[in-house]
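Asker: Protein chains in written order, with the numbering used here: chain Y, 1 to 283; chain B, 1001 to 1335.
Note that beta-carbon positions come from the ideal geometry of N, C-alpha and C, so glycine has one too.
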Amino acid sequence: MFVNSLNGIIYGSFLALTSLGLSLVFGLGRVVNFAHGVLYALGGYFFIIFLPSLGWSAMLFAPLVVVPLAIAMEWLTIAPIRNRDEIYTLLVTFGLSFMITGAIEYLWGTETTLIKPPVIFQGTVDILGNQFPVYRLFASTLSLLVTGLVFVFIQFTPVGLKIRAITDDNEMAEALGINTRWLLTSIFGGAAGFAAFAGALGAPIFSVEPEMGMGIIIDSFLAVILGGLGHLPGTAVGAFIVALAKSIGGGYIAEWAIAVLFLVVAAIMVLRPRGVFGRGRIA
Amino acid sequence: MAASPDVENRVEDASRTRSREVATQVLLAGSALLVLAVPFLGASPFFITLLTEALIFGIWAMSLDLLVGYTGLVSFGHAASFGFATYAAGIFAMNISADFFLATIVAILTAAAVAFLTGLVVTRLSGIAFAILTLCICQVLFQISVVWRSFTGGLDGLIGVPLPTLFGREVEPGEEFYLLTAATLIICYLLLRRVVESPFGKTLLAIRANEDRAAAIGIDVRRHKLVILILSWMTGGVAGSLFVFLKAGANPMTLYWIESGNILAITILGGIGTLFGPIVGAIGFIFIRDQVTTMYRAWQFSFGLAFVLAVLFMPSGIAGIAERIWRRLWPARSS
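Right, here's the structure in full:
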């Protein structure tokens, strides 16, 4: 139970990082980025590709490659359909994830790669009588830290203020002279960078395979829905609900945990269709 | 009383619209006859089998069109309607009776039951939230079909589903089964046509246009969404039942997200809100996939690219383009 909860918190910290990007991009531009998961996967792949030559700094270089890719994606496919119904962004990015998953399988094969954590983090620590890998603690602390920084950035910087203004009322923000177009592109790139970073950071824990983006996008979507679409604190809470339901449920009924997760989500959706804080949108 | 030019024009318009409608009916009847005539035109067994699969996908895509095209509910988890039904029909055929009608009824009822349970949650939502939650539910159902080994055979799926029987007589694979599929497709098309042209169907269009306003004029939006969801899944169930007999087995991959994506892409590329377009899309998809996957490894990449381009540049699909040409042949406005 204790180890399961701990694993849940660790997975939750990764999920918070990915779903936060998803929620941010949605709040800003009403863009539902289905391709967020494959950007996470690309982070993992570029990381294992750069690892032999760059060492562990590859963890920072992988996102640097993914960000321009994501920006190009936004320019070519999402910007042209900004004026259409928001469901089109979901359709386009769904097609993009098809493409990118296909490209990953074509270029790098369908095998699963598991890499060892760096030497200094290879040991385990004793937590209440349980042996726990140090790298997991390190990685989840780091991703929680980054998640926290994102919140600080949005709450306390001038750019963050603009982001909140756009999320509240896009037209009003534009009338006040905020360049929403430019800001959306950069936030899209930034969110992609965080997703890719999570993919790289998680590589020694969750392994790297072509479908890894799909697993995380489903959980991230659940987190975003639970938190209420576009509501950032709700998203973070949703991420931990999803992760804990999965891992604690998994401790008791193994593979059926996903059914438990679904029941939890369904129950919350019925009781609070606008998310745990009741402040998201339902359409 | 002399008719004003305006009224004259309108009369002209009406007669032209009428002739276009007749032409459309003739075209539909012609395609139905063509579909039924294929086995008698000397098509190869391989072609017949492939076309059978295409028509099954056509029924399935039509069922999705009810949601996407007529109600504005973009479901990203429609594989579940089909996949669950393949298991229901398959298990029933293996253990109780291979009668096609009975197995299909079991498939339809199972699909309806799952749709009802799913609908209790998802009809609270629309738009993006609906799309996302249907996707998540479908992945859960996929997981269940994998882990419920005693019932579904796990990742191996069901193997050795018998040939279907019809009125106590075994349906031969190949041409006979093709005819059964084609007849089912035509019946489904005619029934669904009735549904979308009924007052109920018009109400769905009102919900698609604006859910809040529909609710404001007294439409019970949630109940309508639930009914059309169940109807759509039931139609998907018919397709699933045919599919399990075609493949003589069921596989959890029919519930996978890629399959949901395929069927959504087929429906949109074919043209939503037409019922006919998705069938064309399905035939195109099955035949192109067959040609391409055997010689080209980057199929998934190319298909994704085609889907992205289609959403960007031709959101009305093949049927939308065809309809534009069709309207030009029978212009509504006299010039």
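With a threshold of 8 Å between beta carbons, is V1121/B in contact with chain Y?
Answerer: Closer than 8 Å to some Cβ of chain Y, the Cβ of V1121/B qualifies, so yes.
Asker: Got a sec: which bits of the stretch 1307 to 1319 of chain B sit with their beta carbon under 7 Å from any beta carbon on chain Y, in order along the chain?
Answerer: Cβ contacts with chain Y: F1307, V1308, V1311 and L1312.
Asker: Does the Cβ-Cβ distance between G1273/B and G1281/B come in under 8 Å?
Answerer: No, the Cβ-Cβ distance between G1273/B and G1281/B is not below 8 Å.
Asker: Just verifying my parser: in three-state terms, what is the DSSP assignment at F132/Y?
Answerer: Strand, per DSSP.
Asker: Assuming T124/Y is part of the alpha helix (DSSP H), what are its boundary residues?
Answerer: Element bounds for T124/Y: not the alpha helix (DSSP H) but the beta strand (DSSP E), T124 to I127.
Asker: Please name the residue in G1236/B, W1299/B and M1314/B whose C-alpha comes closest to that of A1079/B.
Answerer: Per the Cα distances, G1236/B.
Asker: Which value, in whole angstroms, describes the spacing of the CA atoms of V242/Y and G1077/B?
Answerer: Whole-angstrom Cα-Cα distance: 19 Å.
Asker: Nearest CA to the CA of L86/Y: which residue from A259/Y, L64/Y and L229/Y?
Answerer: Reading off the sequence, residue 86/Y comes out as Glu, not Leu. Among A259/Y, L64/Y and L229/Y, the Cα nearest to that of E86/Y is on L229/Y.
Asker: Please list, in chain order, the residues of the stretch 222 to 254 of chain Y that have any C-beta partner in chain B closer than 7 Å.
Answerer: Of all residues in the stretch 222 to 254 of chain Y, L222, I225 and L229 have a Cβ within less than 7 Å of some Cβ in chain B.
Asker: Is T112/Y close to chain B, meaning its C-beta is less than 8 Å from at least one C-beta of that chain?
Answerer: Judged by the 8 Å Cβ criterion, T112/Y is not in contact with chain B.
Asker: Excluding the five sequence neighbours on either side, which residues of its own chain have a C-beta within less than 6 Å of the C-beta of L1158/B, listed in chain order?
Answerer: Correct list, in chain order: G1090, G1249 and A1250.
Asker: Using 8 Å for Cβ pairs, my map puts E1053/B next to L1246/B. What's the rounded Cβ distance?
Answerer: Between L1246/B and E1053/B the Cβ distance is about 6 Å, and since that is below 8 Å, they are a contact.
Asker: Might you give, ordered along the chain, the residues of its own chain that have their beta carbon closer than 7 Å to the beta carbon of F61/Y, omitting 5 neighbours on each side?
Answerer: Cβ within range, chain order: F50 and L54.
Asker: In terms of DSSP beta bridges, what is D1099/B paired with?
Answerer: DSSP output for D1099/B lists T1165/B as bridge partner(s).
Asker: Alpha carbons only, please: which of W56/Y, R84/Y, L42/Y and L91/Y is nearest the one belonging to L69/Y?
Answerer: Among W56/Y, R84/Y, L42/Y and L91/Y, the Cα nearest to that of L69/Y belongs to L42/Y.
Asker: Determine whether the Cβ of Q1143/B lies closer than 8 Å to any Cβ atom of chain Y.
Answerer: Yes - at least one Cβ of chain Y is within 8 Å of the one on Q1143/B.
Asker: Kindly indicate the opening and closing residues of the alpha helix (DSSP H) around R1124/B.
Answerer: No alpha helix (DSSP H) holds R1124/B; DSSP gives it neither H nor E.
Asker: Rounded to whole angstroms, how far is the Cβ of G247/Y from the Cβ of G8/Y, which I believe are closer than 8 Å?
Answerer: Checking the sequence, you will find Ser at residue 247/Y rather than Gly. Confirmed, Cβ separation roughly 3 Å.
Asker: Threshold first: 4 residues or longer. Then list the alpha helix (DSSP H) segments lying entirely within the stretch 61 to 121 of chain Y, N to C.
Answerer: For the stretch 61 to 121 of chain Y, whole alpha helix (DSSP H) runs of length 4 or above, ordered along the chain, are 87 to 108.
Asker: Give the residues of chain B in contact with A321/Y, contact being defined as C-beta atoms less than 7 Å apart.
Answerer: Given a span of 1 to 283 for chain Y in the structure shown, any question on residue 321/Y remains unanswerable.
Asker: Please tell me whether V92/Y has its Cβ less than 8 Å away from any Cβ of chain B.
Answerer: Yes - at least one Cβ of chain B is within 8 Å of the one on V92/Y.
Asker: Out of V270/Y, I10/Y and F2/Y, state which residue places its alpha-carbon closest to the alpha-carbon of V134/Y.
Answerer: The residue with the shortest Cα to Cα distance from V134/Y is I10/Y.
Asker: Distance check for I154/Y and A175/Y, CA to CA, integer angstroms please.
Answerer: Spanning the two alpha carbons is a distance of roughly 21 Å.
Asker: Under 8 Å between the Cβ atoms of A1131/B and S1075/B?
Answerer: Against a cut-off of 8 Å, the Cβ pair of S1075/B and A1131/B comes out as a contact.
Asker: I'd like to know if G1127/B contacts chain Y, where contact means its C-beta is closer than 8 Å to some C-beta of that chain.
Answerer: Yes - at least one Cβ of chain Y is within 8 Å of the one on G1127/B.
Asker: Just checking: is the beta-carbon of C1136/B within a distance shorter than 8 Å of some beta-carbon in chain Y?
Answerer: Interface residue, yes.
Asker: Less than 8 Å between the beta carbons of L90/Y and V38/Y, yes or no?
Answerer: No, the pair does not count as a contact, with Cβ atoms beyond the cut-off.
Asker: Going along chain Y, which residues have a C-beta under 7 Å from L1305/B?
Answerer: Neighbours of L1305/B on chain Y, chain order: M99.
Asker: Under a Cβ-count criterion, where at least 16 other Cβ atoms within 10 Å of its own Cβ denotes burial, should F1285/B be classed as buried or exposed?
Answerer: Flag for F1285/B reads buried.
Asker: Alpha carbon to alpha carbon, how far is G21/Y from F98/Y?
Answerer: C-alpha separation (whole angstroms): 20 Å.
Asker: Under the three-state reduction of DSSP, which class applies to G1345/B: helix, strand or coil?
Answerer: Examination of residue 1345/B is not possible in this model, given that chain B is present from 1001 through 1335 alone.
Asker: Quick one: is E111/Y buried, meaning 16 or more other Cβ sit within 10 Å of its Cβ, or exposed?
Answerer: Result: exposed.
Asker: In angstroms with no decimal places, state the Cα-to-Cα distance between V264/Y and A245/Y.
Answerer: Taking the straight line from one Cα to the other gives about 8 Å.
Asker: Grouping DSSP H, G and I as helix and E and B as strand, with all else coil, what is L229/Y?
Answerer: In this structure, L229/Y counts as strand in the three-state DSSP scheme.
Asker: Taking 8 Å as the CB-CB limit, is G95/Y close to chain B?
Answerer: Yes, contact with chain B.
Asker: Between the Cα of S57/Y and the Cα atoms of P117/Y, M212/Y and F262/Y, which residue gives the shortest distance?
Answerer: Of the listed residues, the one whose Cα sits closest to S57/Y is P117/Y.
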